[in-house]
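Peer 1: Quick one: structure below, then a few questions.
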Amino acid sequence: MTAAADLDPVTLSREQLQGWACVLCGAPLTVDRPLDTVTIDHGTTWTTYVVWACAPACGVRPAAPESTPWGRFLDHAVGCLDCRAGQRCPVGNGLHHAVREALTATAP
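Its first residue numbered 19, the sequence shown is counted upward by one per residue in my numbering.
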């Protein structure tokens, strides 16, 4: 496991120093944990930054949320030439029907 002491602060991007990106893998942070601090020498001044990494561990992402009926319909429609051209598509039609059923089921 890499620690902040193993990092070269000069190689870190602005996003990593500001806590927007993981200092270990560079991925944008959504779930994070503080890793440590790094200090950068700017000549006459020193700046210390708290650096962050992915949580629970770098490289491990939480499972993607289950797709909604609307998401499944859009995923299909984007790749389907018939759906994009406004033509009849049995698969797209079935997925769109599932969207309408889901909306009806959640309506008060």
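All residues carry an ideal CB built from backbone N, CA and C; glycine is no exception.
Relative to the alpha-carbon of C43, which residue among L25, P108, A116, S85 has its alpha-carbon at the smallest distance?
Peer 2: Looking up residue 43 in the sequence shown gives position 25. Cα-wise, what sits closest to C43 is L25.
Peer 1: In whole angstroms, what is the alpha-carbon distance linking P80 and P87?
Peer 2: Here residue 80 refers to the residue found at position 62 when the sequence shown is read from its first residue. Here residue 87 refers to the residue found at position 69 when the sequence shown is read from its first residue. Any answer about P80 is weak, because its pLDDT of 49 lies below 50 and its placement is not dependable; what the coordinates show is given next. Between P80 and P87, the C-alpha separation is close to 21 Å.
Peer 1: Just to confirm my understanding: we take P27, look at its own chain, exclude 5 residues before and 5 after, and list those with CB closer than 6 Å. What are they?
Peer 2: Residue 27 sits at position 9 when you count from the first residue of the sequence shown. Closer than 6 Å at Cβ, skipping near neighbours: V56, I58.
Peer 1: Which of the three DSSP states is assigned to R109 in this structure?
Peer 2: Residue mapping note: residue 109 aligns to position 91 of the sequence shown, counting from 1. One point to set straight first is that residue 109 is Val, not Arg, in the sequence displayed. Three-state result, V109: helix.
Peer 1: Near D100, what residues of its chain come up, given a Cβ to Cβ distance below 8 Å and the 5 sequence neighbours on each side ignored?
Peer 2: Counting from 1 along the sequence shown, the entry for residue 100 is found at position 82. Same-chain partners within the cutoff: R106, C107, G110.
Peer 1: Please go through the same chain and pick out, in chain order, the residues whose beta-carbon is closer than 7 Å to the beta-carbon of W38, but skip the five residues on each side of it.
Peer 2: Position 20 of the sequence shown, counted from the start, is the residue given in the question as residue 38. If we look at W38 and ignore the five residues flanking it on each side, its Cβ neighbours are P46, L47.
Peer 1: Between V49 and A75, which are expected to be in contact by the criterion C-beta below 8 Å, what is the C-beta distance as a whole number of angstroms?
Peer 2: Along the sequence shown, read from residue 1 onward, the residue named residue 49 stands at position 31. Along the sequence shown, read from residue 1 onward, the residue named residue 75 stands at position 57. Going by Cβ atoms, the distance from V49 to A75 rounds to 11 Å, so no, they are not a contact pair.
Peer 1: Within 10 Å of its beta-carbon, does L113 have 16 or more other beta-carbons around it, so buried, or fewer, so exposed?
Peer 2: The residue given as residue 113 occupies position 95 in the sequence shown. L113 is buried by the Cβ-count criterion.
Peer 1: What is the rounded straight-line gap between the Cα of A120 and the Cα of G104?
Peer 2: Taking the first residue of the sequence shown as 1, we reach residue 120 at position 102. Taking the first residue of the sequence shown as 1, we reach residue 104 at position 86. Cα to Cα, the separation comes out at about 23 Å.
Peer 1: Assign A73 to one of three DSSP states: helix, strand, or coil.
Peer 2: By one-based count along the sequence shown, residue 73 stands at place 55. It is coil, neither helix nor strand.
Peer 1: Exposed or buried, which one is W70 when buried takes at least 16 other CB atoms within 10 Å?
Peer 2: Here residue 70 refers to the residue found at position 52 of the sequence shown. By the 10 Å Cβ count, W70 comes out buried.
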